[in-house]
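Below is one structure, written out as structure tokens; the observations come after it.
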């Protein structure tokens, strides 16, 4: 509890970093920075709403209930009764245009998030079932180019949309660098409920619906000027915070110029009112595993038994804010990325998910075959030889809706062409809850998985040739 959930940039996070650095020092790992420091400082801009007020015709609507505006994607906006136009789908295409004949500069627009389709699901734009490239981001960039003041995006299932963004909303909006004077390529915008959309339409609801239906049936856009008075006040609160990645280096022997990275994130969600999100599984287990492997590799070196390649123990901050600490390392590497042969990433290995109830003897393996078939076969070989765990590749499927391959720190190495493997035991009822506490960790399970991870890393560090890269970056 004294670390208060290790939230990035907060004192508890600094305490955790200090703990890790002292552990590295006690083992005699080499610091990577001036003045014998294990810290790689990382600057973040933390952005939240100081004010998020919206009223329509005198009726107040609540942020995170009736509408959602991300502070890190918007500039400060104050509108006291401005022009508002229903502009269909916000598309400007050769086959269909909501903007044709409309001058919306300085005005706000109300749009649907998708694209017009007829009753058979055929797109007005493509004349097929296929989607076009008119994403929300593209629509918002176009709105910016057209001089639109604000975009209201109708989200029919706002409740679900809010739930999908729960992690981001709970942790706040944090980005790399000092962005207090940043400008954006997209127009200021908010996602709004159907109820709020109807309020903005006012007495012209039927006319808007008729216009929308005409777009779907005949492929002809039709705008509607809305006269409902509304007031909007979105004012940001921004602070620059300094956190740190913690790096411990073990120099290899005859292949010391090549590097194996052992990574995990040590940050978590912090404290909300009286609730402390301890994050024992997420990611105390991964952090502890890397600390144990650091000791094992160091003892091996001291006894004259390797490793041949160098080892970088990389404990990163800002994962819960969007993989930011590992992104910073990947763009400011202490050791050349071209000499980094693999990343071995550990994130949540101490519990059992619903699928494996009653069976501790498993681990999800993600990404092992995406860039290197050899990395995949090495892990399987080490498992057969030492651990005999059930290797579950469910979340490695490119079609898996959870997209875990893109949701932990290994991905910032993988997208730079570095073979990466991610070990994960799945989510559980305490995931991202204050109830993720240490007494629930299954230490025998965690130890067995950690041994597999170590043996895989050991093989990577000591084999004659670096593993091949025979996959594609995705």
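Residue numbers (my numbering): 56 to 529.
All C-beta atoms, glycine included, are put in the ideal place defined by N, C-alpha and C.
Residue environment, residue i, which counts as buried when at least 16 other CB atoms sit within 10 Å
| i | result |
| --- | --- |
| residue 265 | exposed |
| residue 409 | exposed |
| residue 460 | buried |
| residue 359 | exposed |
| residue 387 | exposed |
| residue 88 | exposed |
| residue 176 | exposed |
| residue 354 | exposed |
| residue 498 | exposed |
| residue 375 | buried |
| residue 171 | buried |
| residue 293 | buried |
| residue 443 | exposed |
| residue 305 | buried |
| residue 309 | exposed |
Cβ-Cβ distance between residue i and residue j below 9 Å
| i | j | result |
| --- | --- | --- |
| residue 418 | residue 474 | no |
| residue 604 | residue 517 | Within the shown structure, residues of the chain are numbered from 56 to 529, placing residue 604 beyond reach of any answer. |
| residue 296 | residue 64 | yes |
| residue 523 | residue 477 | no |
| residue 138 | residue 156 | no |
| residue 464 | residue 381 | yes |
| residue 373 | residue 367 | no |
| residue 316 | residue 401 | no |
| residue 231 | residue 466 | no |
| residue 451 | residue 424 | yes |
| residue 320 | residue 213 | no |
| residue 468 | residue 403 | no |
| residue 287 | residue 123 | no |
| residue 427 | residue 525 | yes |
| residue 370 | residue 75 | yes |
Inter-residue Cα distance where the pair is residue i and residue j
| i | j | result |
| --- | --- | --- |
| residue 313 | residue 391 | 9 Å |
| residue 126 | residue 103 | 6 Å |
| residue 141 | residue 259 | 10 Å |
| residue 62 | residue 283 | 42 Å |
| residue 4 | residue 56 | Given that the chain is displayed from residue 56 to residue 529, the structure contains no residue 4 and the question cannot be resolved. |
| residue 93 | residue 318 | 15 Å |
| residue 174 | residue 113 | 37 Å |
| residue 327 | residue 440 | 45 Å |
| residue 131 | residue 236 | 11 Å |
| residue 448 | residue 493 | 27 Å |
| residue 119 | residue 217 | 7 Å |
| residue 302 | residue 365 | 13 Å |
| residue 180 | residue 201 | 21 Å |
| residue 415 | residue 178 | 48 Å |
| residue 219 | residue 445 | 30 Å |
| residue 134 | residue 90 | 51 Å |
| residue 151 | residue 262 | 20 Å |
| residue 496 | residue 336 | 7 Å |
| residue 435 | residue 101 | 41 Å |
| residue 256 | residue 276 | 17 Å |
| residue 472 | residue 290 | 40 Å |
| residue 167 | residue 267 | 9 Å |
| residue 128 | residue 229 | 11 Å |
| residue 254 | residue 285 | 10 Å |
| residue 351 | residue 506 | 10 Å |
| residue 269 | residue 204 | 26 Å |
| residue 407 | residue 333 | 18 Å |
| residue 154 | residue 182 | 20 Å |
Residue i, DSSP secondary structure in three states
| i | result |
| --- | --- |
| residue 60 | helix |
| residue 85 | strand |
| residue 132 | strand |
| residue 370 | strand |
| residue 303 | strand |
| residue 401 | strand |
| residue 239 | coil |
| residue 280 | strand |
| residue 219 | helix |
| residue 125 | coil |
| residue 431 | helix |
| residue 109 | strand |
| residue 197 | helix |
| residue 117 | coil |
| residue 260 | helix |
| residue 178 | strand |
| residue 441 | helix |
| residue 499 | helix |
| residue 363 | coil |
I'd like to know if the stretch 185-204 and the stretch 143-157 are in contact, where contact means that at least 3 CB-CB pairs between them fall below 8 Å. yes
Does the stretch 499-517 come within contact of the stretch 80-92, defined as at least 3 CB pairs closer than 8 Å? no
Touching or not, the stretch 330-348 and the stretch 196-215, by the rule of three or more beta carbon pairs under 8 Å? no
Counting beta carbon pairs with one atom in the stretch 203-219 and one in the stretch 241-250, are three or more of them shorter than 8 Å? yes
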